[in-house]
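Input: a single structure, listed below in structure tokens.
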Amino acid sequence: MENSKDKKKSLFIKSYGCQMNEYDSERMLEILEPFNYSSVAGPEDADLIILNTCHIREKAAEKIYSELGRIKKIYRTKKRDTKIAVAGCVGQAEGQEIINRSPIVDLVFGPLTYHQLPEMLENINTEKGLPNKKLVNIDVPDVDKFNEMKGSRKSLRSISSLLSIQEGCDKFCSFCVVPYTRGVEISRPANQIMKEASELIEAGAKELILLGQNVNAWNGRVSGNKNWSFPNLIRELSKLDIARIRYITSHPRDMTDELMRSHQDVEKLQPYLHLPIQSGSNKVLKEMNRGYTFGEYMRIIDKTRVYRPDIAISGDFIVGFPGETDKDFNDTLKIVKEVKYAHAYSFKYSSRPGTPASLMENHIEENVKSERLKILQDLIKEQTRDFNKSFVGKEIDVLIDKPGKGENRMSGRSAYLQSVHMDGGASMIGKILKVKVTKSRDNSLEGIAS
Ligand code: 5AD
Ligand code: SF4
-2 MENSKDKKKS LFIKSYGCQM NEYDSERMLE ILEPFNYSSV AGPEDADLII LNTCHIREKA
58 AEKIYSELGR IKKIYRTKKR DTKIAVAGCV GQAEGQEIIN RSPIVDLVFG PLTYHQLPEM
118 LENINTEKGL PNKKLVNIDV PDVDKFNEMK GSRKSLRSIS SLLSIQEGCD KFCSFCVVPY
178 TRGVEISRPA NQIMKEASEL IEAGAKELIL LGQNVNAWNG RVSGNKNWSF PNLIRELSKL
238 DIARIRYITS HPRDMTDELM RSHQDVEKLQ PYLHLPIQSG SNKVLKEMNR GYTFGEYMRI
298 IDKTRVYRPD IAISGDFIVG FPGETDKDFN DTLKIVKEVK YAHAYSFKYS SRPGTPASLM
358 ENHIEENVKS ERLKILQDLI KEQTRDFNKS FVGKEIDVLI DKPGKGENRM SGRSAYLQSV
418 HMDGGASMIG KILKVKVTKS RDNSLEGIAS
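The sequence shown begins at -2 in my numbering and counts up one residue at a time.
Written as structure tokens, this is what we have:
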């Protein structure tokens, strides 16, 4: 079969969207490595192209069709036997429609079935001369895909290694497609996570980034009836030979006191909390079905800061949700000023097919959304700049994770997730060094490593 182990094959995977997709792409590569695939940097010479897509906003989804257009040009003139796959949330949401719109696509699958990649590839491969077979696999299997997954986690992809611990979402925020594309909320079993963490550490990981759409909703069966809470899991992971632990993304509704306290008690847990509020208006939060008020959100922030005063807060915001008034938007600006974010993402509301918000009345004009986004982003930028500025002259711990841009330049992350750049050499990679901050920029720090 085409998957035979003797013929070398090249694989180009492009990830869009969140870190969950990045993680899935790493796993896809690992599944295919035993079949003699190795990754290449561009689509030009690839035997297999996988676009691992994001459906969260219309723009993200449309990007895939432009990319497919570009690939079509290469595909026509170069390797006719290149297989093209669309994976991820657009695959899950649009299925056959993708092949209808872009017939060069051979295979469509979603985040829940990628463990079946070798079989799927075998199914679309045909004898020379026969027309291409197409396959759409967007089932929701009732097996644990992580148990089924072949491939080793033992080659180091990054000093800061991603580890997905929870998938899917049951929160059904009215604007969001995730519950429909990633399925119901599931927590991976604790023993599976501990094993994967050990493999990543053995490969050389110094930092674990625990991932989940609602990572702090994780709870896992350990053995018998014994359950671990998410802070339990963090504590157990911190006993391994790892320098740093982070988690992303959390939901305010699952922010327990125990988790907040972990930022004080567990030294390896980094002082960084990504806690999206989406809007500062209680009316909008209710319409979004977020399940908390702005006051409740503020109490979480205040309390976490009691446990860990230096914690960097990050968040997500949506502007221009249906019915959002100037007053609602001002409430969002008010909460940004009150929290003082170290960093935050903000987006214009994007109407997504199948979501309750897409059916609401009072959709906001595009130009109003753009104006609001600009105002919000300017404010957040100012806060990030101030946050970064406050480090100038200080000595901080930086985990050096990769070469920087330019000769003899290195780059790493502070405990607060800021990018820190400095002069240095490859021997620094994987170490936590003391760095004296000499300069701050909008989105990074410059320093001298000692
Ligand atoms: N429109 C705009 N932003 C969205 N997000 C999720 N769905 C939408 C949407 N329909 C944003 C939220 C979420 C982040 C991952 O993407 O802020 O936290
Ligand atoms: Fe989407 Fe809301 Fe679930 Fe986050 S909590 S993934 S925004 S439905």
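Ideal Cβ placement from N, Cα and C applies to all residues, glycine included.
Alpha carbon of Gly401 to alpha carbon of Ala339, nearest angstrom: 23 Å
Gly85 - containing alpha helix (DSSP H), residue span: 85 to 91
Lys203 burial status per 10 Å Cβ neighbour count (16 or more: buried): buried
Inter-stretch contact at 8 Å, needing at least 3 Cβ pairs: the stretch 1 to 19 / the stretch 36 to 43: yes
Of the listed residues Ile297, Ile426, Val417, nearest to Val434 (C-alpha basis): Val417
Anticipated Cβ contact below 8 Å, Leu159 with Met25, distance rounded: 13 Å between Cβ atoms; not a contact.
Check whether Gln163 and Val212 have beta carbons under 8 Å apart: yes
Residue environment, Val137, which counts as buried when at least 16 other CB atoms sit within 10 Å: exposed
Segment limits, alpha helix (DSSP H) that includes Pro138: Neither: Pro138 is in no alpha helix (DSSP H) and is coded neither H nor E.
Cβ-Cβ distance between Cys170 and Arg287 below 8 Å: yes
Residue environment, Leu256, which counts as buried when at least 16 other CB atoms sit within 10 Å: buried
Bounding residues of the alpha helix (DSSP H) (the contiguous stretch that carries Ser22): 16 to 29
Residues bridged to Trp225 (per DSSP): Gly217
Cβ shell of Asp238 (< 6 Å), same chain only, five flanking positions each side left out: Ile198
Gln163 at chain C interface by Cβ criterion, 8 Å: Protein chain content of the structure displayed is limited to a single chain, and chain C is not contained in it.
Whether Ile61 touches Thr50 by CB criterion (8 Å): yes
Given Arg150 as reference, the closest of Ala200, Gly165, Asp103, Val174 once Cα atoms are compared: Ala200
Where the beta strand (DSSP E) containing Pro115 begins and where it ends: No beta strand (DSSP E) holds Pro115; the alpha helix (DSSP H) holding it covers 114 to 121.
The stretch 102 to 120 contacting the stretch 80 to 94, beta-carbon criterion three pairs below 8 Å: yes
The ligand 5AD heavy atom lying under 7 Å from the CB of Arg287: no
The stretch 321 to 335 in contact with the stretch 372 to 381 per 3-pair CB rule at 8 Å: yes
Same chain, Cβ closer than 6 Å to Glu282, five either side skipped, listed in chain order: A quick correction: the sequence has Leu, not Glu, at residue 282. These residues qualify, in order along the chain: Ser276.
Close Cβ partners of His112 (< 6 Å) along its chain, the five nearest in sequence each way excluded: Lys142, Glu145, Met146
8 Å Cβ cutoff met for Val219 and His52: no
Neighbourhood of Gly409 by C-beta distance below 6 Å, restricted to the same chain and skipping five residues each side: Val395, Leu396, Ile397, Asp398, Val417
Selected residue, minimal CA-CA separation from Ser348, among Asp328, Glu358, Ala341: Glu358
Contact test: Pro40 Cβ vs the ligand SF4 heavy atom, cutoff 7 Å: no
Span separating the alpha-carbon of Asp307 from that of Ile206: 20 Å
Cβ-based burial, Val140 [other Cβ within 10 Å; buried from 16]: exposed
Where the alpha helix (DSSP H) through His260 begins and ends: 254 to 262
Nearest-angstrom Cβ-Cβ length linking Arg243 and Tyr269, presumed shorter than 8 Å: 6 Å
Sequence-distant residues of its chain with Cβ nearer than 8 Å to Lys366 (five each side left out): Val316, Gly317, Lys345, Tyr346
beta-carbon Pro273 near the ligand 5AD non-hydrogen atom, thresh 7 Å: yes
Distance between beta carbons of Lys168 and His248, contact taken as under 8 Å: 6 Å
DSSP beta-bridge partners of Ser309: The sequence given here has Ala at residue 309, not Ser. Its beta-bridge partners are Tyr269.
Proximity of Leu356 and Thr329 at Cβ, strictly below 8 Å: no
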